[in-house]
Amino acid sequence: MKCRSEKILFRTTIGLRHSRRAFSLIEAVTALIILALICSSVLVVIDRCMASAADSALRLKAFEVARENMETLLAKNSAEEMVEYGTSDKYPEIQWQSVVETFYEPITSRMWVQAVCSAEYTDIEGEVQSIELTHWLTDLTKKQILEIFEQKKREEQELAEWAQDQADEQEESDQADEQDQEEQTQDEQGRDEDKICGYTREELLEMDFEQVFQILLNCDEL
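Numbering (this note's numbering), first residue to last: 46 to 267.
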């Protein structure tokens, strides 16, 4: 019984030795290439997921800023045409803008006042994205419409007067500069006229007679 058991153990050991065969170089390289492709695909998917999550977080922040601005406008007792913009204190990467404006609604042929609150942010790819919320506040009566148009007309007149004043001031400044330049040119010409062959009288008196004689001899003015 003992000898038979040893023979079986010997045969089993030989079988295990024959079954253990090493991988060849081609098989190892192929396995590494397949593993690299799988890892790169996984990394690409993970990178896209992270970018999408970051963009979603920025979009939620922009929506929150726009919603807060809209709630602030709706909480007011009265509204007037205005434009406000700035950067969020809570999220510095978000820029916001709030606009209250009138518009004509063609279906009912009426004028309305609407509030538009928008927020912008730059996504991972460097493109500017925006969130915009719009709410119709109230319709306008004929009296209110006339008052708005009169106010716009006054603002346009004031703007035109301001532009004319700026143009007049610029023209006066240009004339003063031209006058100063002319006076400076006349002073320079007067100083040149006082010179003899490019030298002042004092400079010529300090020179030797031969130097003065050569200057006067070669001078085209004489």
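C-beta atoms are modelled at their ideal positions from N, C-alpha and C, and glycine is treated no differently.
Source: prediction; values computed, not measured.
So, is Cys162 buried or exposed, given that buried needs 16 or more other C-beta atoms within 10 angstroms?
-> The residue you call residue 162 lines up with position 117 of the sequence shown. It is buried - the Cβ of Cys162 has at least 16 other Cβ atoms within 10 Å.
Is it buried or exposed for Trp141, if we count other Cβ within 10 angstroms and need 16 for buried?
-> The sequence position of residue 141 within the sequence shown is 96, counting from 1. Counting Cβ neighbours within 10 Å, Trp141 comes out buried, since at least 16 surround it.
Alpha carbon to alpha carbon, what distance is there between Ala212 and Val110?
-> Numbered from its first residue, the sequence shown carries residue 110 at position 65. Numbered from its first residue, the sequence shown carries residue 212 at position 167. When only Cα atoms are considered, Val110 and Ala212 end up about 41 Å apart.
The beta strand (DSSP E) enclosing Glu129, as first and last residue numbers | Start at 1 with the first residue of the sequence shown, and residue 129 comes out as number 84. Counting along the chain, the beta strand (DSSP E) containing Glu129 begins and ends at 127-132.
In the structure shown, what three-state DSSP assignment does Thr183 receive?
-> For this step, residue 183 is matched to residue 138 along the sequence shown. When secondary structure is reduced to three states using DSSP, Thr183 falls in the strand class.
How many Å lie between Ser123 and Glu146 at the Cα?
-> Residue 123 sits at position 78 when you count from the first residue of the sequence shown. Residue 146 sits at position 101 when you count from the first residue of the sequence shown. Each residue's alpha carbon lies about 13 Å from the other.
Taking the CB atoms as reference points, tell me whether Asn114 and Ser143 lie closer together than 8 Å.
-> In the sequence shown, the residue the question calls residue 114 occupies position 69. In the sequence shown, the residue the question calls residue 143 occupies position 98. A contact, by the Cβ cut-off of 8 Å.
Alpha-carbon to alpha-carbon, His180 and Gln159 = The residue you call residue 159 lines up with position 114 of the sequence shown. The residue you call residue 180 lines up with position 135 of the sequence shown. For Gln159 and His180, the distance between alpha carbons rounds to 6 Å.
Run of the beta strand (DSSP E) containing Met156, from where it starts to where it stops = In the sequence shown, residue 156 corresponds to position 111, counting from 1. Segment 155-167, the beta strand (DSSP E) holding Met156.
Among residues of its own chain, excluding the 5 on either side of Val128, which ones have a beta-carbon nearer than 6 Å to its beta-carbon?
-> Against the sequence shown, residue 128 aligns to sequence position 83. Val144, listed in sequence order.
In whole angstroms, what separates the C-alpha of Tyr244 from that of Asp225?
-> Residue 244 sits at position 199 when you count from the first residue of the sequence shown. Residue 225 sits at position 180 when you count from the first residue of the sequence shown. One alpha carbon belongs to Tyr244, the other to Asp225, and they sit about 26 Å apart.
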